[in-house]
Amino acid sequence: MNAPLDLPYVEEEGLTLGPVPGAVDRVRFAGTGEAEGAAVLDRFLGLLHQQVLARELPEISIELEALEFINSSCLKAMVAWIYKVDTEGRPYKIRLLRDASLHWQRTSIATLQRLAPDVVIIQER
Amino acid sequence: MAGKIANWLIDFCQMAIEDLETTSRLHMAAHELIENVLKYGSSPEVGLEFELERGDTRSIVRLRTRNTAAPEQLREVTRRVSELKAAPDPIAYYDRLIRSTAPVAGMSGLGLARIRAEAGLDVDCSVEGREVSIVVQTTMRSDR
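From first to last, the protein sequence lines stand for chains A and B.
When you line the first sequence up against my numbering, it's residues -16 to 108, in that order.
When you line the second sequence up against my numbering, it's residues 32 to 175, in that order.
Here it is, written out as structure tokens:
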């Protein structure tokens, strides 16, 4: 049994990013991601990637329901991470838990899945 | 900053548009357009307009930004919009753009394509001197 994820709880540039308390394979994003938030998200995803690889997790889940919006700079950070996982041996899957009542989550999360259909799993909440 | 302006604009739009789906699409477009103005604008004089052209059965909603920019930025935005307008399938174009920029660090360059593919709005631009005007628009069923 893996220990909970050892990730920081980040509240910066309108974004809140962090592990779900006690969870071994789940993080939660909230807030709004604008241009200034892209570097914050990029850093967090880098740490998350390292943790998932080190723990040899088969899958990581991201709760997105409280993420009100991200602009294309933050979307690009997600794209870069997913592309890396997809092109470096697909060591784990990424489950994105979205709120389909939010227009942007319907369209943007579908975009991420089209980028890497063998890596990204969409789950409605 | 862009988010606050976009939210303010959409609050204003909602006084005229009841269709939540359309305002959500405009919200995405407003975010991306304002971000571009803040990123590439070369002077504090910028314009942001919302227009609703009511018809009997269909109405047109339009967002327009205006800002001055460096010549290379003007050329770049013109090129991007031309490519976008020429693409027969906006989603396929967007997907190709995402795939090609995914390994490249730095700016995304995805904003306008996202407006076209995800928000489903038409995108156009015009340049006059050093000023660029970007217009995005869609039609919707008239409420009345």
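Every residue gets a Cβ at the ideal spot worked out from N, C-alpha and C, and that includes glycine.
- Task: Let me know the secondary structure DSSP gives LEU51 of chain B once reduced to three states.
- Result: On the second sequence, residue 51 of chain B is found 20 positions in, with the first residue counted as 1. In this structure, LEU51 of chain B counts as helix in the three-state DSSP scheme.
- Query: Can you find a C-beta in chain B that's less than 8 angstroms from the C-beta of TYR66 of chain A?
  - Reply: For the purposes of this step, residue 66 of chain A is taken as the residue at position 83 of the first sequence. Output row for TYR66 of chain A: interface = yes.
- Item | Cβ contact check for the stretch 115 to 125 of chain B and the stretch 62 to 82 of chain A: 3 or more pairs under 8 angstroms | no
- Could you tell me whether any Cβ in chain A is nearer than 8 angstroms to the Cβ of ARG56 of chain B? The sequence position of residue 56 of chain B within the second sequence is 25, counting from 1. Yes, ARG56 of chain B counts as interfacial toward chain A.
- Message: Only counting the same chain, and skipping five residues up and downstream in sequence, which positions put a Cβ closer than 6 angstroms to that of GLY20 of chain A?
- Response: On the first sequence, position 37 is the one that residue 20 of chain A refers to. So the list reads GLU(-4), GLY(-3), LEU(-2), CYS57, once near-sequence residues are dropped.
- Item | DSSP state of ARG9 of chain A mapped onto helix, strand, coil | Reading the first sequence from its first residue, position 26 is the one you call residue 9 of chain A. Three-state result, ARG9 of chain A: strand.
- Query: Between which two residues does the alpha helix (DSSP H) carrying VAL62 of chain A extend?
  - Reply: On the first sequence, residue 62 of chain A is found 79 positions in, with the first residue counted as 1. Run containing VAL62 of chain A: 55 to 70, per the alpha helix (DSSP H) assignment.
- Message: According to DSSP, simplified to helix, strand and coil, what is GLU101 of chain B?
- Response: For the purposes of this step, residue 101 of chain B is identified with residue 70 of the second sequence, where counting begins at 1. Checking the sequence, you will find Ala at residue 101 of chain B rather than Glu. Note: ALA101 of chain B maps to coil in three-state DSSP.
- Near ILE91 of chain B, what residues of its chain come up, given a Cβ to Cβ distance below 7 angstroms and the 5 sequence neighbours on each side ignored? On the second sequence, residue 91 of chain B is found 60 positions in, with the first residue counted as 1. Here the set comprises GLU84, GLN168, THR170.
- Item | Rounded C-alpha distance that separates SER55 of chain A from LEU141 of chain B | What you label residue 55 of chain A is simply residue 72 of the first sequence in a count that begins at 1. What you label residue 141 of chain B is simply residue 110 of the second sequence in a count that begins at 1. Approximately 6 angstroms between the Cα atoms of the pair.
- Compare the C-beta of ARG147 of chain B against all C-beta atoms of chain A and say whether one is closer than 8 angstroms. Start at 1 with the first residue of the second sequence, and residue 147 of chain B comes out as number 116. The beta carbon of ARG147 of chain B sits no closer than 8 angstroms to any beta carbon of chain A.
- Task: Under 8 angstroms by Cβ, that's how I've got PRO(-9) of chain A and GLY5 of chain A pegged, so tell me the actual separation to the nearest angstrom.
- Result: Position 8 of the first sequence, counted from the start, is the residue given in the question as residue -9 of chain A. Position 22 of the first sequence, counted from the start, is the residue given in the question as residue 5 of chain A. The pair is not a contact, with the Cβ atoms about 16 angstroms apart (cut-off 8 angstroms).
- Sorted by chain position, which residues of the same chain lie with C-beta nearer than 8 angstroms to ALA93 of chain A's C-beta, five sequence neighbours on each side aside? Numbered from 1 along the first sequence, position 110 holds the residue referred to as residue 93 of chain A. Excluding sequence neighbours, ALA93 of chain A sits near ILE105.
- Message: Counting only C-beta atoms, is HIS32 of chain A closer than 8 angstroms to chain B at any point?
- Response: Numbered from 1 along the first sequence, position 49 holds the residue referred to as residue 32 of chain A. Chain B, which has no Cβ nearer than 8 angstroms to the Cβ of HIS32 of chain A, makes this no.
- Thinking just about the alpha-carbon of each residue, which of B:PRO102, B:VAL166, B:GLU149, B:ILE36 is nearest to the one in ASP126 of chain B? In the second sequence, the residue the question calls residue 126 of chain B occupies position 95. Of the listed residues, the one whose Cα sits closest to ASP126 of chain B is B:GLU149.
- Query: Got a sec? Which residues, its chain only, sit under 6 angstroms from LEU176 of chain B by beta carbon, not counting five neighbours each side?
  - Reply: Residue 176 of chain B lies beyond the stretch modelled for chain B, which goes from 32 to 175, so this question has no answer here.
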